[in-house]
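Participant: Just passing along the structure, written as structure tokens.
4 protein chains.
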Amino acid sequence: MIVVMKKDATPRQIEDVAARLRHFGFDIHLSAGVERTVIGAIGDKKPAVLENIEAMPGVERIVPILHPFKLAGREFKPEPTVVQVGDVRVGSDEFVVMAGPCAVESEEQVVETARQVKAAGARILRGGAYKPRTSPYSFQGLAEEGLKLLRLAREETGLPIVTEVLSPKDVELVAEYADILQIGARNMQNFSLLREVAVTRKPVLLKRGLANTVEEWLMAAEYILSGGNYQVMLCERGIRTFETATRNTLDLNAVPVVKELSHLPIIVDPSHGTGKRQYVPAMSRAACAAGADGLIIEVHPRPEEALSDGPQSLTPAQFSQLMQELAAVAAAVGRRMASPAPVKW
Amino acid sequence: MIVVMKKDATPRQIEDVAARLRHFGFDIHLSAGVERTVIGAIGDKKPAVLENIEAMPGVERIVPILHPFKLAGREFKPEPTVVQVGDVRVGSDEFVVMAGPCAVESEEQVVETARQVKAAGARILRGGAYKPRTSPYSFQGLAEEGLKLLRLAREETGLPIVTEVLSPKDVELVAEYADILQIGARNMQNFSLLREVAVTRKPVLLKRGLANTVEEWLMAAEYILSGGNYQVMLCERGIRTFETATRNTLDLNAVPVVKELSHLPIIVDPSHGTGKRQYVPAMSRAACAAGADGLIIEVHPRPEEALSDGPQSLTPAQFSQLMQELAAVAAAVGRRMASPAPVKW
Amino acid sequence: MIVVMKKDATPRQIEDVAARLRHFGFDIHLSAGVERTVIGAIGDKKPAVLENIEAMPGVERIVPILHPFKLAGREFKPEPTVVQVGDVRVGSDEFVVMAGPCAVESEEQVVETARQVKAAGARILRGGAYKPRTSPYSFQGLAEEGLKLLRLAREETGLPIVTEVLSPKDVELVAEYADILQIGARNMQNFSLLREVAVTRKPVLLKRGLANTVEEWLMAAEYILSGGNYQVMLCERGIRTFETATRNTLDLNAVPVVKELSHLPIIVDPSHGTGKRQYVPAMSRAACAAGADGLIIEVHPRPEEALSDGPQSLTPAQFSQLMQELAAVAAAVGRRMASPAPVKW
Amino acid sequence: MIVVMKKDATPRQIEDVAARLRHFGFDIHLSAGVERTVIGAIGDKKPAVLENIEAMPGVERIVPILHPFKLAGREFKPEPTVVQVGDVRVGSDEFVVMAGPCAVESEEQVVETARQVKAAGARILRGGAYKPRTSPYSFQGLAEEGLKLLRLAREETGLPIVTEVLSPKDVELVAEYADILQIGARNMQNFSLLREVAVTRKPVLLKRGLANTVEEWLMAAEYILSGGNYQVMLCERGIRTFETATRNTLDLNAVPVVKELSHLPIIVDPSHGTGKRQYVPAMSRAACAAGADGLIIEVHPRPEEALSDGPQSLTPAQFSQLMQELAAVAAAVGRRMASPAPVKW
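Chains as they are written, first to last, in the numbering used here: chain A, 7 to 351; chain B, 7 to 351; chain C, 7 to 351; chain D, 7 to 351.
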């Protein structure tokens, strides 16, 4: 850590800061520049201890040198993490597509969609049983009934299930049904929920918050990792900006940034990222070309009847067409896609 | 609601949309313009039903005419809501200042601070026992031990307590100690937590999310109100923008916007809003002049030793000075401030 | 246009608005809803006339139905525009790469770079002679001397030149040397400059402003098009958001959005868009997969000695490697890339 | 400046960076930490020289210690700058209100408005003769004819005039008529325009760009100051964020931030900052309480007939009411407001 003192800091203030740092066990490097004195603190301490040096008299600001995350960082673990879900290996050379409806609505809807996305090459089924809705008057999901329908769709198709959990008190129940626990964007910094999913040791899909930096996202992953659950996948799903042509701004820059800073796999959600189905194919191909490890895409047999997020859902036919385009792009960047497996009817 | 059809929408598509709207019980107004057909849906339906009209073939976009909130809106309840906490009436002609440390750290710290802020004119004591921290390695609060210390400070000073609750499972416990339950910015859309605090019927201080619009904020309040708890205070605490000179961008525009759209009181948090103590006095005065109903300010006897948010905490002396400045501004805009009450020692 | 009246609008206010709209030559559709009266104005008028209806008593807001741009829109011209620059056709099935140094620094630097990027397959040479710099103390470019060096590089390699023009008074001079006039992000709404480049009838590369929506960007293009110059290429170069891991947030969503709304070609600048060379290859591949018509990339023989933007410049070797990756992605999405042409030595 | 080396930087790379810094005339402080080597460069050099150190092999990032501005900074000039315009002293203890129509439309409109705002206590008349409009089809201003009408209004009322200049080629002409040259938000980084207004030695009102940090704004001021013109006033007019309830997000935090970093006066524009007249009074009072040196407010005798920005213009009666509220707030924060002067009829 570097402490930049104010121009008019007194020798006494400089010495007080140095003494405090030494007290915490740091070695001190003091550089008296022409306009500022800068104090370097050298040692292997947790940044949290130091935060309030900035509140000491005479201090202008502090500059951290190291990233605040440890377990999530590439320096801690240089080789990529592969998360195994059934026979699917997320983070390997396979480009993995997860697909399914936004919300589970009925047996027919979820089983039909599961068969169709599997036929098109999807490897994991998505579907929400607990829905975080902006309005208390909107459809809030089928809850455990929805989980049962997802389990049925898994039995019918063999596809593992990813589904969202909203509250610490539901974690145990959702973990009984789900293969992957999804943490939604609005809960990225719901720290009690993060601690709870860590306990399950189940794979977690951690969505990026709408207004969170990559660094904060990795710190959220750190909560899960430091709780002993190393099966974490990150999911970029769009950030909030001034642009209104898309519902959110899908930030594909996050793909190479995460790959540089972290060993965790990264999945991209172009459905929420753009909010409009006509932009999903282009952004899906782009995510693959940028080096993402997979996609999570909303597919609904009849989007105009969907109880949630219809405008951003692909039809099964559109999804099937996209999967063919993706196969070409994946090959161009050296990634493998599973051949569409025959569906049990 | 208005449905704008695409330029090349077919008569059949237009009729399908109209039929769907009629099926939902709406009256239809059809305007065939030069370049677009526009369908007006007239009736008193919940917007959620209509959302997926946008996914129908031939639809370009839908334009809601009404705000999505009901109970939180001024049209529902024109007169301002006053939230009563002990003898403090938030939303009345009194300009109410809440103050105290970011985190409860020790008996001495919290009782000392409570006495000092009361002496300076604060009417409610703030202090965190459960702390949402970006890093799992940072101080996470004293939990129930912290709540007990807050209760002690209340006994010593008579000041009601506002403190944050982070998880649905803690709501019952926190509600036993607190006079006001605070929902933090990161939990503004933690809908299970919102439903849980509604059940308590305790006054709630609902902070605005870092990336949430005023409309989404009022929808979060709607969760609490529709759960039967009408004692909701809003709290503006800064939004996330590109500017880095401040930790967040305190959005004082939200004050007149909320006053126009809603009957709920609005409190401003200049400490988190700016993140730097030197900007707190200016923004506090500005919030008062803009018409806010009160402030929530971080005060710590020794900010440089604070376990959390030291750089944005005022010292008791700075707070006392600020309270005098605020008294002048409040008077200029026709608001009353309580005279500093004598403290029991 | 739709005019939404306030809940308490009087019949007189409604009639006044209707009368004003009729006066402007519109047909009126009046829908008296349960909670609001909505007035539809039908006719083929320019939106500017109507703007201030919003200021009339009783009006809550106005909702435009049509996009404000005309000549830049796909409804005006459904087929894609191809901009011809020498034998390069931007917007055709060819994926066009422009490359070169941020700033022209010396004959050796610009000619050496031109040869190297041509050898790797670039089709157009970029280089700045006039540099918009945040600081008045930074290198401001070689001005006309820089333009002469660019001309020399064109003579040596045959590559057409794209270079920025900063001020209306320089347009004539820059147009004598340049094949494409670049309007920088900071000048996207410098309307006198836009009008001036329209007069030249030269191809224009119009960069998106850091905080401008796609709609505003197309309105800036409209200034050039309505001035009689139809040779406009758009260039996405990153927008400003809260994220600091990248210098800007390259918004690839703009690619499919522009393709939907406009017929103009779109080029992506991953160098400014990310600000860090290590992210340029991933975002270049992604831009191609998203359907962009080309790229503009900074290449410098010795980035650490560059007078401007060294950290985001690729070395010629890195650029050459990237061009091979791009060839594979372009093929996967059905685009052609020119074979690297032999350089004249 | 601090150079942070990568974890795996080689001794040779570290030595190369150190050698380069020494070559530029810096003293070097080398701190070999546990995880990173950090190099401090000490000396009084312009930051621009150092920028590309970041592009050297083995460098992770550079951290500037000093602000990039000099002449605009409080360290260079601790006492506040007062800009004298006629008998008005902006930056003194007087709280100065500038008011008038967005655009000059006719003799009657501008003279009538001038008289009314003067009667209410305004000290400077605003009005645009050259209008930067998003659409090429919108009213672009009366140009020199508008300047003549402003001069007429000054003759009638004695109020000095502030008006915008859009292009370097118009600076000389506008400077003949105007008392203060306004640089609009879209031109904050139009560096040729900044250099041109510096030459005039006329007072300049420099608006903050929609997506510019305070630091970049002060660097824009530095262009004017370093050109020899010290009469610079800053004007906060709202930044672009995700919030849509207001047209822009007026950032009052900028007031205390600018007061800390700079000696230049700061004016607030609540009309453009909010875009809606109903929010102008609250934000005007807030700006005054935050410590701004003045306001610039749009007033139009008949906003619903305004050719530009009607929805954000106050009527003369609303303005007059606001001026009385402001007088009370100004007094509360120790600022003086001129008594409304009698108008010549």
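Cβ coordinates follow ideal geometry from the N, Cα and C atoms, glycine included. Because the structure is a prediction, the values reported are computed rather than measured.
#1: Do you know offhand how far residue 27(B)'s Cα is from residue 117(A)'s?
#2: Quick check: the Cα distance between residue 348(D) and residue 202(D), rounded to an integer number of angstroms?
#3: Where residue 185(A) and residue 80(A) are concerned, what is the direct C-alpha to C-alpha distance, given to the nearest angstrom?
#4: For a contact defined as C-beta to C-beta under 7 angstroms, what are the partners of residue 297(B) on chain D?
#5: Here's the rule I'm using: 16 or more other beta-carbon atoms within 10 Å means buried, otherwise exposed. How should residue 90(D) be labelled?
#6: Considering only DSSP beta bridges, list what residue 11(D) is partnered with.
#7: Along chain C, in chain order, which residues have C-beta atoms closer than 9 angstroms to that of residue 248(A)?
#8: How would you label residue 170(D), buried or exposed, when you count the other beta carbons within 10 angstroms and need 16 or more for buried?
#9: Between residue 203(A) and chain D, is the shortest Cβ-Cβ distance under 8 angstroms, so that the two count as touching?
#10: Who are the near neighbours of residue 197(C) in its chain, counting only those whose CB is closer than 7 angstroms to its CB and skipping five residues on each side?
#11: Please say whether residue 8(C) and residue 23(C) have beta carbons closer to each other than 8 angstroms?
#12: Going by DSSP, which residues form a beta bridge with residue 255(B)?
#13: Apply the 10 Å Cβ neighbour rule to residue 74(D) and answer buried if 16 or more other Cβ atoms are within range, or exposed otherwise.
#14: Helix, strand or coil for residue 35(D)? Go by DSSP, reduced to three states.
#15: What residues match up with residue 188(B) in a beta bridge as DSSP calls it?
#16: Can at least three beta-carbon pairs, one atom from the region 256-276 of chain B and one from the region 286-298 of chain B, be found at a separation below 8 angstroms?
#17: Mark residue 25(A) as exposed unless 16 or more other C-beta atoms lie within 10 angstroms of its C-beta, in which case mark it buried.
#18: Mind checking residue 159(C): buried by the 16 CB within 10 Å criterion, or exposed?
#19: When you compare the CB of residue 348(C) with every CB in chain A, is at least one pair closer than 8 angstroms?
#20: Show which residues of chain B have a CB atom less than 7 angstroms away from the CB atom of residue 14(D).
#21: Excluding the five sequence neighbours on either side, which residues of its own chain have a C-beta within less than 6 angstroms of the C-beta of residue 167(D), listed in chain order?
#22: Look up residue 291(D) in the DSSP assignment and say whether it is helix, strand or coil.
#23: Would you call the region 312-319 of chain D and the region 312-319 of chain B touching, i.e. three or more CB-CB distances under 8 angstroms?
#24: Does the beta-carbon distance from residue 57(B) to residue 11(B) come in below 8 angstroms?
#25: Run through DSSP, which three-state label would residue 71(D) get?
#26: State yes or no: is the beta carbon of residue 285(D) nearer than 8 angstroms to at least one beta carbon in chain B?
#27: Do you know how far the Cα of residue 262(C) is from the Cα of residue 280(C)?
#28: Give me whichever residues DSSP pairs with residue 330(A) in a beta bridge.
#29: May I ask which residues mark the beginning and end of the alpha helix (DSSP H) holding residue 163(B)?
#30: Please go through the same chain and pick out, in chain order, the residues whose beta-carbon is closer than 6 angstroms to the beta-carbon of residue 43(C), but skip the five residues on each side of it.
#31: What's the C-alpha gap between residue 63(C) and residue 242(D)?
#32: Exposed or buried, what is residue 248(C) when buried is set at 16 or more other beta-carbons lying within 10 Å of its beta-carbon?
#33: Suppose contacts are defined by Cβ-Cβ distances below 8 angstroms. Is residue 212(D) in contact with residue 240(D) by that definition?
#34: Are the CB atoms of residue 222(A) and residue 140(B) within a distance shorter than 8 angstroms?
#35: Have a look at residue 351(A) and residue 162(A) and give me their C-alpha separation to the nearest angstrom.
#36: Taking residue 99(A) as the reference, give the member of 308(A), 320(A), 299(A) with the closest Cα.
Facilitator: According to the data block:
#1: Within the second sequence, numbered from 1, the residue matching residue 27(B) stands at position 21. Within the first sequence, numbered from 1, the residue matching residue 117(A) stands at position 111. If you take the alpha carbons of residue 27(B) and residue 117(A), they lie about 29 angstroms apart.
#2: One-based indexing of the fourth sequence puts residue 348(D) at position 342. One-based indexing of the fourth sequence puts residue 202(D) at position 196. Reliability of the predicted coordinates at residue 348(D) is poor, the pLDDT of 49 falling under 50, and the value obtained from them is presented with this limitation in mind. Between residue 348(D) and residue 202(D), the C-alpha separation is close to 37 angstroms.
#3: Position 179 of the first sequence, counted from the start, is the residue given in the question as residue 185(A). Position 74 of the first sequence, counted from the start, is the residue given in the question as residue 80(A). C-alpha separation (whole angstroms): 26 angstroms.
#4: Counting from 1 along the second sequence, the entry for residue 297(B) is found at position 291. By Cβ distance, chain D contributes 288.
#5: Translated into the one-based positions of the fourth sequence, residue 90(D) becomes position 84. Per the 10 Å Cβ criterion, exposed.
#6: By one-based count along the fourth sequence, residue 11(D) stands at place 5. According to DSSP, residue 11(D) shares a beta bridge with 65(D).
#7: The residue given as residue 248(A) occupies position 242 in the first sequence. Those are 217, 218, 219, 245, 246, 247, listed as they occur along chain C.
#8: Here residue 170(D) is taken as the residue at index 164 of the fourth sequence, counted from 1. Only buried fits residue 170(D), as 16 or more other CB atoms lie within 10 angstroms of its CB.
#9: Residue mapping note: residue 203(A) aligns to position 197 of the first sequence, counting from 1. For residue 203(A), the answer is no, since every Cβ of chain D falls outside 8 angstroms of its Cβ.
#10: Taking the first residue of the third sequence as 1, we reach residue 197(C) at position 191. These residues qualify, in order along the chain: 229.
#11: Within the third sequence, numbered from 1, the residue matching residue 23(C) stands at position 17. Within the third sequence, numbered from 1, the residue matching residue 8(C) stands at position 2. No, the Cβ-Cβ distance between residue 23(C) and residue 8(C) is not below 8 angstroms.
#12: Residue 255(B) sits at position 249 when you count from the first residue of the second sequence. According to DSSP, which records beta bridges pairwise, residue 255(B) is partnered with 245(B).
#13: By 1-based counting over the fourth sequence, the position of residue 74(D) is 68. Counting Cβ neighbours within 10 Å, residue 74(D) comes out buried, since at least 16 surround it.
#14: The residue labelled residue 35(D) in the question sits at position 29 within the fourth sequence. The answer is strand: DSSP assigns residue 35(D) an E or B state.
#15: To locate residue 188(B), count along the second sequence from 1; it is residue 182. 170(B), 211(B), per the DSSP bridge assignment.
#16: yes
#17: Sequence index remark: in the first sequence, residue 25(A) carries index 19 (1-based). Counting Cβ neighbours within 10 Å, residue 25(A) comes out exposed, since fewer than 16 surround it.
#18: Stepping through the third sequence from its first residue, residue 159(C) is reached at position 153. Buried: at least 16 other Cβ atoms inside 10 Å.
#19: What you label residue 348(C) is simply residue 342 of the third sequence in a count that begins at 1. At residue 348(C) the pLDDT is 49, less than 50, meaning the model places this residue with poor confidence and gives no usable figure here.
#20: Translated into the one-based positions of the fourth sequence, residue 14(D) becomes position 8. Per Cβ cutoff of 7 angstroms: no residues; residue 14(D) is ~25 angstroms from chain B at best.
#21: For the purposes of this step, residue 167(D) is taken as the residue at position 161 of the fourth sequence. Closer than 6 angstroms at Cβ, skipping near neighbours: 131, 156, 160, 184, 185.
#22: Residue numbering aside, residue 291(D) sits at position 285 when the fourth sequence is read from its first letter. Correct three-state label for residue 291(D): helix.
#23: Flag = no, the region 312-319 of chain D and the region 312-319 of chain B do not touch.
#24: Counting from 1 along the second sequence, the entry for residue 57(B) is found at position 51. Counting from 1 along the second sequence, the entry for residue 11(B) is found at position 5. No. Outside cutoff.
#25: For this step, residue 71(D) is matched to residue 65 along the fourth sequence. Reduced to three states, the DSSP call for residue 71(D) is coil.
#26: Numbered from 1 along the fourth sequence, position 279 holds the residue referred to as residue 285(D). So yes, residue 285(D) belongs to the interface.
#27: Walking along the third sequence from the start, residue 280(C) turns up at place 274. Walking along the third sequence from the start, residue 262(C) turns up at place 256. If you take the alpha carbons of residue 280(C) and residue 262(C), they lie about 19 angstroms apart.
#28: Along the first sequence, one-based indexing puts residue 330(A) at 324. Bridge partners of residue 330(A): none, in fact.
#29: Residue numbering aside, residue 163(B) sits at position 157 when the second sequence is read from its first letter. Looking at the DSSP string, the run of the alpha helix (DSSP H) that includes residue 163(B) is 150-163.
#30: Walking along the third sequence from the start, residue 43(C) turns up at place 37. Excluding positions up to five away in sequence, the list reads 11, 20.
#31: For the purposes of this step, residue 63(C) is identified with residue 57 of the third sequence, where counting begins at 1. For the purposes of this step, residue 242(D) is identified with residue 236 of the fourth sequence, where counting begins at 1. Straight-line Cα distance between these residues: approximately 29 angstroms.
#32: Position 242 of the third sequence, counting from 1, holds the residue named residue 248(C). So residue 248(C) ends up on the buried side.
#33: Sequence index remark: in the fourth sequence, residue 212(D) carries index 206 (1-based). Sequence index remark: in the fourth sequence, residue 240(D) carries index 234 (1-based). Cβ distance < 8 angstroms, so residue 212(D) and residue 240(D) count as in contact.
#34: Within the second sequence, numbered from 1, the residue matching residue 140(B) stands at position 134. Within the first sequence, numbered from 1, the residue matching residue 222(A) stands at position 216. In this structure, residue 222(A) lies closer than 8 angstroms to residue 140(B) by Cβ.
#35: On the first sequence, position 345 is the one that residue 351(A) refers to. On the first sequence, position 156 is the one that residue 162(A) refers to. For residue 351(A), the predicted structure reports a pLDDT of 43, less than 50, and the residue's modelled location is therefore unreliable. The matter cannot be settled from this model.
#36: Indexing the first sequence from 1 puts residue 99(A) at position 93. Ranking 308(A), 320(A), 299(A) by Cα distance to residue 99(A) puts 299(A) first.
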